[in-house]
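The opening residue of the sequence shown carries number 0 in numbering that gives the first Met the number 0; numbering runs sequentially from there. Notes follow the structure.
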Amino acid sequence: MNNKRLVTAVAAGAVVVMGLSACGGNGTDGKNGGGGGTKTPAFNAALTETFNPSDKKGGIVKIANAGTWDSLDPGETYYGYSWNFLRLYGRSLLMFKPAPGGASNELVPDLAESLGTPSEGGKTWTYKLREGIKYEDGTPVTSKDVKHAVLRSTDKETFPNGPAYFEGYLNLPEGYKGPYKTKDMDTNSAIETPDDRTIVFHLKQAFGGFDYFAHLPQTVPVPEAKDTGAKYREHVISTGPYKFDKNEIDKQFNLVRNAEWKPESDPNRKALPDGYEVTMNVNADDIDNRVISGDIHIDITGTGVQPASLSRVLSDPAIKANADNPTIARLWYTSVNPTVAPLDNKECRKAVLYAVDRTGYQTAYGGSFSGGEIASTLMPSQIPGAEKFDLYPAGPDNKGDVAKAKEALTACGQPNGFETNIAYRSERPKEKAAAESMQQALARVGIKLTLRPFPQGDYFSQFAGNPPYVVANKLGLALNGWGADWNDGFGFLSQIVDSRVIRETGGSSNTSVRIPEVDKMLDEAIGETDTAKREKMWGAIDKRVMEEAVILPGVHSKSLILRGKGLTNVFVSDAYGMYDYLAMGLE
0 MNNKRLVTAV AAGAVVVMGL SACGGNGTDG KNGGGGGTKT PAFNAALTET FNPSDKKGGI
60 VKIANAGTWD SLDPGETYYG YSWNFLRLYG RSLLMFKPAP GGASNELVPD LAESLGTPSE
120 GGKTWTYKLR EGIKYEDGTP VTSKDVKHAV LRSTDKETFP NGPAYFEGYL NLPEGYKGPY
180 KTKDMDTNSA IETPDDRTIV FHLKQAFGGF DYFAHLPQTV PVPEAKDTGA KYREHVISTG
240 PYKFDKNEID KQFNLVRNAE WKPESDPNRK ALPDGYEVTM NVNADDIDNR VISGDIHIDI
300 TGTGVQPASL SRVLSDPAIK ANADNPTIAR LWYTSVNPTV APLDNKECRK AVLYAVDRTG
360 YQTAYGGSFS GGEIASTLMP SQIPGAEKFD LYPAGPDNKG DVAKAKEALT ACGQPNGFET
420 NIAYRSERPK EKAAAESMQQ ALARVGIKLT LRPFPQGDYF SQFAGNPPYV VANKLGLALN
480 GWGADWNDGF GFLSQIVDSR VIRETGGSSN TSVRIPEVDK MLDEAIGETD TAKREKMWGA
540 IDKRVMEEAV ILPGVHSKSL ILRGKGLTNV FVSDAYGMYD YLAMGLE
């Protein structure tokens, strides 16, 4: 999710949140998915306008994933590609506009009739659902279903993946553990449903950006009568234009048209294809080759071609003409876990940051062209409040400062180095290459890294994001990546630096930042209504995290993504940092 704009002002006492301003790209109405457009293949043709615009319906879009989903359940998914894709089968209260470039950063109504109405200075937010929306089985969607969906998502034992905004900000009763464990507890202090089309959210404190919470997949309605808990991922009850036909978990699934979806109730979706075929656990290099050959249409993860395909794409004009090279508000980084000795000593963590070959890290992700810019901070330049600084200079050639690293090792009582493990997602060649680069660079100062690959689908819930597992298996380092949930300092930082989102049951995107002062700084920034002051506070939080050396920034991302043969209505969404999967059709 990515690129900047818009200011939402609210009543006194509520925070003012930066959204984004439509920088670049053509304004569109959501129904048509693109203002300008071209049918001529050209490099970056889909970057700021629609490539191959068409209203033709029909065909099956073929998709591959190098790994597996964390979950197809809207209540517990947190990969950007999943949020992008699930809009085909689920409707949240609000959504990002399906439009090219910066226009995609605008929030528009989806399940709701309009953006939220704040009251009590921004502590209460009210939404009214559109009329006539039904599930795939013909039963009507009600506000109670949205309430149930939000409340179930707060049960992080059942649903370890997914953001932790709602449990952190809703005025939930003390001791509430979700609708399964505390079914009879009164939750009207947090969410009220005065009628079947009205839902009212009550917060602990004013938050002017609550509309960003309302766009989260966790607001996709779930009928309580059909809720099967952790098994709901096996068949999500559709509210979108497509429904699940066949779903073999972690292998493949098909989407077909949902006859109960009505275009008149949905100004945002064109629903051009007849369906989608999705295959998982496909080798990442094979996916590139199959997109180029036309065997499949989409590499769903949207992170770009692998290093093995890069030279082929760039050297062949015909292939390059079907590629786009967006700059994304995303950071590829490594978590440095202070819960794993000897990295519980800050000087040992500093040794890691000094010793890393930053050029090697960048090369692992595809170099400056398709990997991105070497990072020394958390926030990319697109995020308002981002500052440039470098607390751990890597030498004039950016290949690491060996002398400084050895000084830090001596200071932490490990003059000869130490051993630890480094985790990465096994289906991602770029992460493996980055881990190998770090292994080689750190060996120069006596730090021995053992590579530990884990599956993408359970990476955060079971392994790198599971605190007990991290400690027991000495995962001192873990490859990670983050794109903003929305493009302001809060949307970028909160879920990766707030220690309160860390769950001992696993599933948090924050695996290494446990700094009480940072938690306090986040709360102060949320309450600051002066835009300039608040943005400055985000930069201060970034610096405070870096002072503790618990994150090694790697690359502020670019990617090289491919348009599959025969696709229509293709454009890059700044909001998701990849192609928008909602608008696509087939020739």
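The beta-carbon is built from N, C-alpha and C at its ideal position, and this holds for glycine as well.
Exposure of L215, with buried meaning 16 or more beta-carbon neighbours within 10 Å: As a first step, residue 215 must be located in the sequence shown, where it is residue number 216. L215 is buried by the Cβ-count criterion.
Count the other C-beta atoms from every protein chain shown that fall within 10 angstroms of the C-beta of P316, then say buried if there are 16 or more, exposed otherwise. The residue given as residue 316 occupies position 317 in the sequence shown. P316 comes out exposed.
Helix, strand or coil at K532 [DSSP, three-state]: The residue labelled residue 532 in the question sits at position 533 within the sequence shown. K532 falls in the helix class under three-state DSSP.
Identify the residues that DSSP records as bridge partners of Q251: which are they? Residue mapping note: residue 251 aligns to position 252 of the sequence shown, counting from 1. E247 and T278, per the DSSP bridge assignment.
Any idea if G587 is buried or exposed, counting beta-carbon neighbours within 10 angstroms, 16 or more meaning buried? The chain is shown from 0 up to 586; residue 587 falls before or after that span and cannot be answered.
To the nearest angstrom, how far is it from the Cα of T510 to the Cα of D194? What you label residue 510 is simply residue 511 of the sequence shown in a count that begins at 1. What you label residue 194 is simply residue 195 of the sequence shown in a count that begins at 1. When rounded, the distance between both Cα atoms is 41 Å.
A385: which of R562, D287 and W537 sits nearest, CA to CA? Within the sequence shown, numbered from 1, the residue matching residue 385 stands at position 386. Here the closest residue by C-alpha is W537.
From P325 to L559, what distance separates their C-alpha atoms? The residue labelled residue 325 in the question sits at position 326 within the sequence shown. The residue labelled residue 559 in the question sits at position 560 within the sequence shown. Cα to Cα, the separation comes out at about 7 Å.
Mind the definition here: the segment 428-436 touches the segment 36-51 only if three or more C-beta pairs lie below 8 Å; say whether that holds. no
Express the C-alpha separation of V351 and F50 in angstroms, rounding to a whole number. As a first step, residue 50 must be located in the sequence shown, where it is residue number 51. As a first step, residue 351 must be located in the sequence shown, where it is residue number 352. Taking the straight line from one Cα to the other gives about 44 Å.
Do you know whose CA, among S113, E523, Y332 and A402, lies nearest G370's CA? The residue labelled residue 370 in the question sits at position 371 within the sequence shown. Per the Cα distances, Y332.
Rounded to a whole number of angstroms, what is the C-alpha to C-alpha distance between T141 and L128? As a working note, residue 141 is residue 142 in the sequence shown. As a working note, residue 128 is residue 129 in the sequence shown. Going by the C-alpha atoms only, they are around 8 Å apart.
Measuring CA to CA, which of K225, D579, V554 and K155 is closest to L561? Along the sequence shown, read from residue 1 onward, the residue named residue 561 stands at position 562. Answer by Cα proximity: D579.
Whole angstroms is fine: what's the gap from N472's alpha carbon to K182's? Reading the sequence shown from its first residue, position 473 is the one you call residue 472. Reading the sequence shown from its first residue, position 183 is the one you call residue 182. Answer to the nearest angstrom: the Cα atoms are 36 Å apart.
Does the distance from the C-beta atom of F209 to that of W82 stay below 8 Å? For the purposes of this step, residue 209 is taken as residue 210 along the sequence shown, with counting starting at 1. For the purposes of this step, residue 82 is taken as residue 83 along the sequence shown, with counting starting at 1. For F209 and W82, no; Cβs fall outside 8 Å.
From which residue to which residue does the beta strand (DSSP E) around K447 run? For the purposes of this step, residue 447 is taken as the residue at position 448 of the sequence shown. Taken as a continuous stretch (DSSP letters only), the beta strand (DSSP E) holding K447 covers K447 to F453.
Would DSSP call V571 helix, strand or coil? Translated into the one-based positions of the sequence shown, residue 571 becomes position 572. In this structure, V571 counts as strand in the three-state DSSP scheme.
Segments assigned alpha helix (DSSP H), at least 4 residues, entirely inside the segment 149-194: 164-168
Boundaries (first-last residue) of the beta strand (DSSP E) holding K557: Translated into positions along the sequence shown, residue 557 becomes position 558. Note, K557: beta strand (DSSP E), I550 to K557.
Leaving out five residues on either side along the sequence, give the residues of the same chain with a beta carbon under 6 Å from the beta carbon of K61. Here residue 61 refers to the residue found at position 62 when the sequence shown is read from its first residue. Hits under 6 Å: E276, I295 and H296.
Which residue wins for smallest C-alpha separation from A163, given the options Y77, E418, I327 and P466? To locate residue 163, count along the sequence shown from 1; it is residue 164. Considering only alpha carbons, the answer is Y77.
Would you kindly report the start and end of the unbroken alpha helix (DSSP H) that includes G79? Taking the sequence shown and counting its residues from 1, the one referred to as residue 79 is at position 80. Counting along the chain, the alpha helix (DSSP H) containing G79 begins and ends at G79 to L85.
Check whether the Cβ atoms of F158 and E75 sit closer than 8 Å, and answer yes or no. Mapped onto the sequence shown, residue 158 falls at position 159. Mapped onto the sequence shown, residue 75 falls at position 76. Yes, Cβ-Cβ distance for F158 and E75 is below 8 Å.
Of the residues E426, V549, V571 and T67, the one placed nearest V335, counting alpha carbons only: Here the question's residue 335 lines up with position 336 in the sequence shown. Taking only the C-alpha atoms, the option nearest V335 is V549.
Exposed or buried, E119, counting other C-beta atoms within 10 Å across all chains shown (16 or more means buried)? Here residue 119 refers to the residue found at position 120 when the sequence shown is read from its first residue. Counting Cβ neighbours within 10 Å, E119 comes out exposed, since fewer than 16 surround it.
Quick check: the segment 62-73 against the segment 168-183, are there 3 or more CB pairs under 8 Å? no
In terms of alpha-carbon separation, which member of T218, G526 and A148 lies closest to L93? As a working note, residue 93 is residue 94 in the sequence shown. Looking at the Cα atoms, T218 is the closest of the given residues.
With G115 and A213 assumed to form a contact (beta carbons below 8 Å), what rounded beta-carbon distance in angstroms separates them? To locate residue 115, count along the sequence shown from 1; it is residue 116. To locate residue 213, count along the sequence shown from 1; it is residue 214. Indeed they touch by this definition, with Cβ atoms about 6 Å apart.
DSSP beta-bridge partners for T37? On the sequence shown, residue 37 is found 38 positions in, with the first residue counted as 1. Note: T37 sits in a beta bridge opposite F50.
Got a sec, what are the start and stop residues for the beta strand (DSSP E) I59 sits in? Position 60 of the sequence shown, counting from 1, holds the residue named residue 59. That run of the beta strand (DSSP E) goes I59 to A63.
Can you give me the C-alpha to C-alpha distance between K133 and P139, rounded to a whole angstrom? The sequence position of residue 133 within the sequence shown is 134, counting from 1. The sequence position of residue 139 within the sequence shown is 140, counting from 1. Taking the straight line joining both Cα atoms gives about 4 Å.
Classify T238 as buried or exposed, calling it buried when 16 or more other Cβ atoms lie within 10 Å of its own Cβ. As a first step, residue 238 must be located in the sequence shown, where it is residue number 239. T238 is buried by the Cβ-count criterion.
Can you check whether the CB of I514 is closer than 8 Å to the CB of S507? Taking the first residue of the sequence shown as 1, we reach residue 507 at position 508. Taking the first residue of the sequence shown as 1, we reach residue 514 at position 515. Not closer than 8 Å, so no.
So, under 8 Å CB-CB, Y231 and D72 are touching, yes? Tell me the CB distance rounded to an integer number of Å. The residue given as residue 231 occupies position 232 in the sequence shown. The residue given as residue 72 occupies position 73 in the sequence shown. Yes, Y231 and D72 are in contact; Cβ-Cβ is about 5 Å, under 8 Å.
Simplified DSSP assignment, three categories, for L585: Within the sequence shown, residue 585 is the residue found at index 586, counting from 1. Strand at L585.
Thinking C-beta only, is L202 closer than 8 Å to L150? Translated into positions along the sequence shown, residue 150 becomes position 151. Translated into positions along the sequence shown, residue 202 becomes position 203. In this structure, L202 does not lie closer than 8 Å to L150 by Cβ.
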